[in-house]
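Working notes for the structure below.
There are 4 protein chains.
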Amino acid sequence: MTRVAILGASGYTALELVKILLRHPEAEIGLATTRQQEGVPLSAVHPSLAGQIDLAVEHLTPEKIIGHVDCVFSCLPHGVTASLAEPLLDAGLRMIDFSADYRLDDAEEYAHWYGQPPPAPARLPHVVYGLPELFRDRIRPADLVANPGCYPTSAILGLAPLLDAQLVAPDDIIIDSKSGVSGAGRNPKLTTHYPECNESLSAYNIGHHRHTPEIELILSKACDQPVQVIFTPHLVPMDRGILTTTYSRPFDTVREADLFQIFRTFYASHPFVRIVEHLPATKDAAHTNFCDITVRVVKDRILTVSCLDNLVKGAAGAAVQNFNLMFGYAETLGL
Amino acid sequence: MTRVAILGASGYTALELVKILLRHPEAEIGLATTRQQEGVPLSAVHPSLAGQIDLAVEHLTPEKIIGHVDCVFSCLPHGVTASLAEPLLDAGLRMIDFSADYRLDDAEEYAHWYGQPPPAPARLPHVVYGLPELFRDRIRPADLVANPGCYPTSAILGLAPLLDAQLVAPDDIIIDSKSGVSGAGRNPKLTTHYPECNESLSAYNIGHHRHTPEIELILSKACDQPVQVIFTPHLVPMDRGILTTTYSRPFDTVREADLFQIFRTFYASHPFVRIVEHLPATKDAAHTNFCDITVRVVKDRILTVSCLDNLVKGAAGAAVQNFNLMFGYAETLGL
Amino acid sequence: MTRVAILGASGYTALELVKILLRHPEAEIGLATTRQQEGVPLSAVHPSLAGQIDLAVEHLTPEKIIGHVDCVFSCLPHGVTASLAEPLLDAGLRMIDFSADYRLDDAEEYAHWYGQPPPAPARLPHVVYGLPELFRDRIRPADLVANPGCYPTSAILGLAPLLDAQLVAPDDIIIDSKSGVSGAGRNPKLTTHYPECNESLSAYNIGHHRHTPEIELILSKACDQPVQVIFTPHLVPMDRGILTTTYSRPFDTVREADLFQIFRTFYASHPFVRIVEHLPATKDAAHTNFCDITVRVVKDRILTVSCLDNLVKGAAGAAVQNFNLMFGYAETLGL
Amino acid sequence: MTRVAILGASGYTALELVKILLRHPEAEIGLATTRQQEGVPLSAVHPSLAGQIDLAVEHLTPEKIIGHVDCVFSCLPHGVTASLAEPLLDAGLRMIDFSADYRLDDAEEYAHWYGQPPPAPARLPHVVYGLPELFRDRIRPADLVANPGCYPTSAILGLAPLLDAQLVAPDDIIIDSKSGVSGAGRNPKLTTHYPECNESLSAYNIGHHRHTPEIELILSKACDQPVQVIFTPHLVPMDRGILTTTYSRPFDTVREADLFQIFRTFYASHPFVRIVEHLPATKDAAHTNFCDITVRVVKDRILTVSCLDNLVKGAAGAAVQNFNLMFGYAETLGL
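Chains as they are written, first to last, in the numbering used here: chain Y, 2 to 336; chain X, 2 to 336; chain B, 2 to 336; chain H, 2 to 336.
This is how it looks when you write it as structure tokens:
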């Protein structure tokens, strides 16, 4: 049994995490924090938890955490996380961080995309990117795992087998992603106000979404070549789900059957990637930790379509998958 | 041609009003105001108006309005309206007000439901309630028309024929209403944040929704007897539309066929009420000024179902219908 | 470990059942049948099951079932079920039936509502209605459990404490229910075609929905008095969820606090009913076996609002709850 | 005043057409046909038309049409249209056809994509493609106009200015389109059954959607060069709206400001194309005949985003725009 703390417990990824951990036979939630609402029952912050958990949220102070839990899940926002995390990491706690604060290992790149220097530059080179399908062996012993962004998970899992096999040009890749609204968080804004985004579809942050460098960095590292992508996110009127369509250019003529074989081999030992022959829908993977992927050849391009639940495989499920690896449990436990 | 001003132009009812007035052959929008965003094109406040109207929003000052327009549509919030409206009314402008500030004619009742005295008590006895199906002749000469609430319109139109004919007990009426989310306005809140209200249904303000006294007052006045109702609103995951189901108790046995005849006669001269034999859906009336009504007898009760578009017949369309009556145009012009 | 068969495995309730049983530590799915698609993998019938279960659907024949499984979940349609079920029951199999074929114990009543005599009249008096919150002790030893309808569960759980305490008039009850679209099944029809029911709300089957006699019968039996209700169902644009608002008339003045106490006591030993003080939303109970209930006093009426997931507590979850009771497992196992 | 017939009046595009024509001051609907439902009021086929039009649908026979109307709008399905249309065209009637039967001018190409020879090959070379923004002068005198597909309109309008200016490689174009569900028609199918496609996103027909050759043909003809595209459609959980994102490769470095100038000039005389600087949402153009377009430069690619309402600018609105041109009315009349 491992005792865990959840920092920033008022959002959607934290709620999803609580729900998964409540079913997890080897995890016990010892503490949940939020900036506001101190003393309020967690089940009042999230009414769907009524009768499920008897815990009041608290203000985050290191003393409540250090010595009381073995693992910290941090669902704090970008920029806020590192300052709060550093004392906990220094005290030897193991952490799975949902923010982007530790995802990029290059300080300049971070500064370019986030408009400020990285909050903890000294630690960046040692952080492990928590995508088990690419870095499982490095995750097991890690003290700090940067949980991947939701879009990057869908894009990287779709493209890695192609780039790893050196089948496609690494500088001619288009990623057209579509996400449900929960990916934008629980803070009310005009763009996610129901009558604005319901019955509507829009692209946003074209050319400057912060998941772009994350995708490029991880694919470059994992596949050992400089990868450059064009990434376009779209907002879809649904709660949860990401569907990512990628377009890449093969060096040579390829057959779909061979591509399926490559994908199946690449993910043979990874229980949460399902290579499917039909065109997957986000609903197939909703409320699960699966990422469903298919591949097609159209004219001179390879297309991949990958689907996942942004709150599960794109956030809380992946975090528990990392937790399982870090603490020696079966990778699929509780998922 | 009548020149009009729109106060509080940033919300959904104002947007709907602009769209209707742009198609109206006898109305010209001379001015649009908002509290913020002075100088911003109205088409930037509402991107769907791109290329449709060349007008920048302004701060509301009486000088910009008095002498420049003939009619004021006020989409300002409850409590704010009256203080801004009074100087305009005193200057002889005619106004259609979307707020609740002038809807209740009893100061005590207003104070009970709105938590403060009515902003302009002296004017209340002279205000006309802008439901043409009940008060058409009083609307024509009115200087100030209180545009009805969206729920009250659906409930009153469904019940008035029964109460007017003294068929049902006026103190045993249940109104179960369901509304799309645009009825809650354009101001982002957690309850109308997409991932909160999408794929979900909830009741709210049970027993203390402010449309309760409005329904009771208008039905009592129109049907000349003290009416008392239980009104329960629900929030439905859709943009627009209200469906109201009413349950009332007839004094005697009634036949559905006779009820249909009563409803058809009651609304014979009213072009925007459609008495239908099928069970109407809100979509049938969406984007129109129609209210679709049907009636059923079940055991010892009469049920009515009425559907309308809360932004049109429940707000902006009704306002233009009132405008047409006040300025001598055909009641259906532009609608 | 109990081996089970699922009859009629192509619909939504069957899919939900499979998902629950896959997580259930003491159930093993031995067989799944459909009328069509013989030999097709169950994961092709339901793409969300990809990689989750290795089973092909088969045609239903008694020989494949008798002697091979211990429990049959029948998700077959009304009218079809009984003829297929009778040989299995005669052979001693225990069954949880999702259809209405065994829910009404009065042959005449059945004939009135279903337009034909009941398919197995001799068995009707012995069938147990599978609502554990009312009939737990009778479910444990039962061979045949009629799994409740989704609307009835929400209505009965909301009203039973009031009727049981003889607080309200049993012949003055209004039930206004609202359901997501999955309740209409997986067979494509115009009324459930996406562009017809999306962004729309409608009432249907007013006065003649077949869940009316089921609600009346069960409440009458459970609360030992002749109960008569008006039941109005509405179709809501969402996948899953039922919210039921009931209006009943107390014999005497009541206080909300006392009502909460009555409800809490009534359901004290029932883990899947959550008495909540806030107004629950269907989303709170989505994907769970909970039914959330609250109660209000408004003027001279008692209102209850109950929410549940029509596919879980309204169908497959309740079935597994019954299964647990019948086979001696903890009532909450796997749920 | 021009008298028109609508063939195939039971679908969504026909309904939208009726609504537009009812507001059109110079069109009169003389006849509406469907294969089934002879004698049924059109307002029973489409309940939203209640009280709006007094016309019963009829079986299509040439005698009812020839000599009775001046213009035929055909909303019949692909493959069915031509056999019914030919006698009408031969009799001198002018027609706007919504099907694909006359869109491709190459019989072999047609046969490849539609699996059968074109139904009226002799007429193909003389048909005008009804996209006024490219072919206005040819539409005016035309007797037969092939109304464009919804996806092609969004893609062609986004790409034509770039190809016309010979700025981008005509064989390196990716079109990633997303459409609401009404584009799939009114015939219930499992893929458009509410609980299947709601809260879900999927790609479909990758590499073999029939709008691919239409896009290639029209862009090739209009821009005088062989254009080849990869076209990927996606199904989005909303009623109406198409958003198309295109990726093309400029021959030289380009500046966004110059591209905006090119787009504004290209569409200067076209009232229904709005070049906008913000990223448009489908909702901005919903229920209008506008197509909103923006352009971005990202790394070595030009991206365009175009939004329209598939039932209006993508079907019925475009048809009325063509009608206006053909019969000498102002292009925007009634729209």
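In this text, a Cβ means the ideal position worked out from N, Cα and C, and glycines have one as well.
Which residues bound the beta strand (DSSP E) around Glu-29 (chain X)?
28-34
Just list the residues that DSSP pairs His-235 (chain Y) with in beta bridges.
Y:Lys-179, Y:Ala-204
Tell me, to the nearest whole angstrom, how far the beta carbon of Leu-202 (chain H) is from that of Met-239 (chain Y); I am working on the premise that it is less than 8 Å.
Going by Cβ atoms, the distance from Leu-202 (chain H) to Met-239 (chain Y) rounds to 7 Å, so yes, they are a contact pair.
Applying the 10 Å Cβ sphere with the 16-neighbour rule, what's the burial state of Thr-35 (chain X)?
buried
With 8 Å as the threshold, decide whether the Cβ of Ala-282 (chain X) is near any Cβ in chain B.
yes
Contained beta strand (DSSP E) runs [length at least 3] in the region 266-307 of chain Y, N- to C-terminal order
For the region 266-307 of chain Y, whole beta strand (DSSP E) runs of length 3 or above, ordered along the chain, are 274-276, 292-299.
Along the alpha helix (DSSP H) that carries Pro-251 (chain X), what are the first and last residues, could you check?
In this chain, Pro-251 (chain X) is not harboured by any alpha helix (DSSP H); it is covered by the beta strand (DSSP E) spanning 243-251.
Assuming contact is defined by CB atoms lying nearer than 8 Å, are Ile-67 (chain Y) and Ala-92 (chain Y) in contact in what I supplied?
yes
For chain Y, check one thing: does any of its Cβ atoms lie closer than 8 Å to the Cβ of His-288 (chain B)?
yes
Taking the C-alpha atoms as reference points, what is the distance between Ile-176 (chain Y) and Thr-246 (chain Y)?
6 Å
Along chain A, which residues have their Cβ under 8 Å away from the Cβ of Gly-242 (chain Y)?
The question asks about chain A, but that chain is absent: this structure's protein chains are Y, X, B and H.
Residue range of the unbroken beta strand (DSSP E) whose run includes Arg-4 (chain Y)
Per DSSP, Arg-4 (chain Y) belongs to the beta strand (DSSP E) from 3-8.
C-alpha gap between Leu-43 (chain H) and Leu-77 (chain H), whole angstroms
16 Å
So, is Asp-253 (chain X) buried or exposed, given that buried needs 16 or more other C-beta atoms within 10 angstroms?
Flag for Asp-253 (chain X) reads exposed.
Which residues in the same chain as Leu-244 (chain B) place their Cβ atom closer than 7 Å to its Cβ, once the five residues preceding and following it in sequence are excluded?
Lys-179, Thr-283, Val-306, Cys-308
Evaluate contact between the region 188-207 of chain Y and the region 109-117 of chain Y, counting only Cβ atoms and requiring at least three cross-stretch pairs below 8 Å.
no
Contact between the region 13-20 of chain B and the region 184-191 of chain X is defined here as three or more beta-carbon pairs at a separation below 8 Å; is this criterion met?
no
Going by DSSP, name the residue or residues bridged to His-194 (chain Y).
X:His-194
Integer-rounded CB distance, given that Gln-226 (chain B) should sit under 8 Å from Glu-217 (chain B):
Going by Cβ atoms, the distance from Glu-217 (chain B) to Gln-226 (chain B) rounds to 11 Å, so no, they are not a contact pair.
Extent of the continuous beta strand (DSSP E) run through Ile-21 (chain Y):
Careful: Ile-21 (chain Y) lies outside any beta strand (DSSP E), inside the alpha helix (DSSP H) at 13-24.
For the region 38-51 of chain X, which residues have a CB atom closer than 8 Å to at least one CB atom of chain H, in sequence order?
Pro-48, Ser-49, Ala-51
By how many angstroms is the C-alpha of Ala-258 (chain B) removed from the C-alpha of Val-298 (chain X)?
Taking the straight line joining both Cα atoms gives about 35 Å.
Strictly below 8 Å CB to CB, what residues from chain B border Asp-285 (chain Y)?
Pro-48, Ser-49, Ala-51
Minimum Cβ-Cβ distance from Ser-183 (chain X) to chain Y less than 8 Å
yes
Chain-ordered chain H contacts of Leu-16 (chain B) [CB-CB under 8 Å]
Going along chain H, no residue has its Cβ under 8 Å from Leu-16 (chain B), so there is no contact; the nearest lies around 10 Å.
Assigned secondary structure, Cys-76 (chain Y) (DSSP; H/G/I helix, E/B strand, else coil)
The answer is coil: DSSP assigns Cys-76 (chain Y) none of H, G, I, E or B.
Identify the continuous alpha helix (DSSP H) that holds Ala-45 (chain Y) and give its terminal residues.
Residues 43-46.
Under 8 Å, Cβ to Cβ, is there at least one residue of chain H near Asp-293 (chain X)?
yes
Count the other CB atoms, across all protein chains shown, that sit within 10 Å of the CB of Asp-310 (chain H); report buried if there are 16 or more and exposed otherwise.
buried
Chain H beta carbons: is any one of them nearer than 8 Å to that of Thr-193 (chain B)?
yes
Are Val-46 (chain H) and Val-58 (chain H) touching if we call contact CB-CB under 8 Å?
yes
Would you mind giving the Cβ-Cβ distance between Gln-53 (chain X) and Leu-23 (chain X), rounded to the nearest angstrom? I have them listed as a contact below 8 Å.
6 Å
Per the contact definition of three or more C-beta pairs closer than 8 Å, is the region 258-273 of chain B in contact with the region 157-165 of chain B?
yes
Following a CB-centred definition, is Pro-153 (chain B) positioned closer than 7 Å to any heavy atom of the ligand NAD?
As presented, the structure is devoid of all ligands, the ligand NAD included, so that no description of it is given.
Arg-241 (chain H) and Ala-287 (chain H): beta carbons closer than 8 Å?
Between Arg-241 (chain H) and Ala-287 (chain H), the C-beta spacing is below 8 Å.
So, does the CB of Val-321 (chain Y) fall closer than 8 Å to a CB anywhere in chain B?
no
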